[in-house]
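J.: Mind having a look at this structure? Questions to follow.
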Amino acid sequence: MGKVQKALSQVAVNVHIGKMQRRRRNRIRHLGPFALLLNLFVFVAVAFVLGGDAVNGRRAGGVHYLSRGGVETEVAPAVWWYSQIHATVTFGSFALYLVYRLWRRTRR
1 MGKVQKALSQ VAVNVHIGKM QRRRRNRIRH LGPFALLLNL FVFVAVAFVL GGDAVNGRRA
61 GGVHYLSRGG VETEVAPAVW WYSQIHATVT FGSFALYLVY RLWRRTRR
């Protein structure tokens, strides 16, 4: 094989590897929004099953309430804390993703 053929075959290999890396990078890039939407779906589903969420609920005199649509549901403290933490993570991750997208847009 001549030098030119070796060089051309090496270029072809690099191009192919570059395409694979781009595909993998795009898959990972789409995984973030999918995970955010899945987490939001789980949060809404759990809030529906439990009768509300801690963001709209309250704690009063050692009693914990979840709230949805003005209706309060008394729950154990662990359930209330779970709902509070899940809500914080869900909405916080959306805020971080928004900042990331704005940062990516300014880099272009």
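So for the sequence shown, full-length UniProt numbering puts the first residue at 1; every next one is plus one.
Ideal Cβ positions, reconstructed from N, Cα and C, are used throughout, including at glycine.
Note that this is a predicted model, so its numbers are computed, not measured.
1) What does the alpha-carbon distance come out to for the pair Gly-51 and His-30?
2) Is it the case that the Cβ atoms of Ser-83 and Val-55 are separated by a distance below 9 angstroms?
3) Ala-78: buried (16+ other C-beta within 10 angstroms of its C-beta) or exposed?
4) The beta strand (DSSP E) with Ala-54 in it runs from where to where?
5) If you run the structure through DSSP and keep just helix, strand and coil, what is Arg-68?
6) Per DSSP, which one or two residues make a beta bridge with Val-63?
7) By Cβ distance, which residues of its chain are closer than 6 angstroms to Thr-106, with the 5 residues on each side in sequence left out?
8) Tell me where the alpha helix (DSSP H) around Ala-78 begins and ends.
9) Could you pull out every residue in the same chain whose Cβ sits closer than 8 angstroms to the Cβ of Val-63, ignoring the five residues on either side in sequence?
10) Would you report the Cα separation of Leu-36 and Gly-61, rounded to the nearest angstrom?
T.: Looking at the coordinates:
1) 32 angstroms
2) yes
3) exposed
4) In this chain, the beta strand (DSSP E) harbouring Ala-54 covers 53-60.
5) strand
6) Ala-60
7) none
8) 77-107 is the span of the alpha helix (DSSP H), which, as asked, contains Ala-78.
9) Here Val-63 has Glu-74 as same chain residues with Cβ atoms under 8 angstroms from its own Cβ, once five neighbours each way along the sequence are excluded.
10) 35 angstroms
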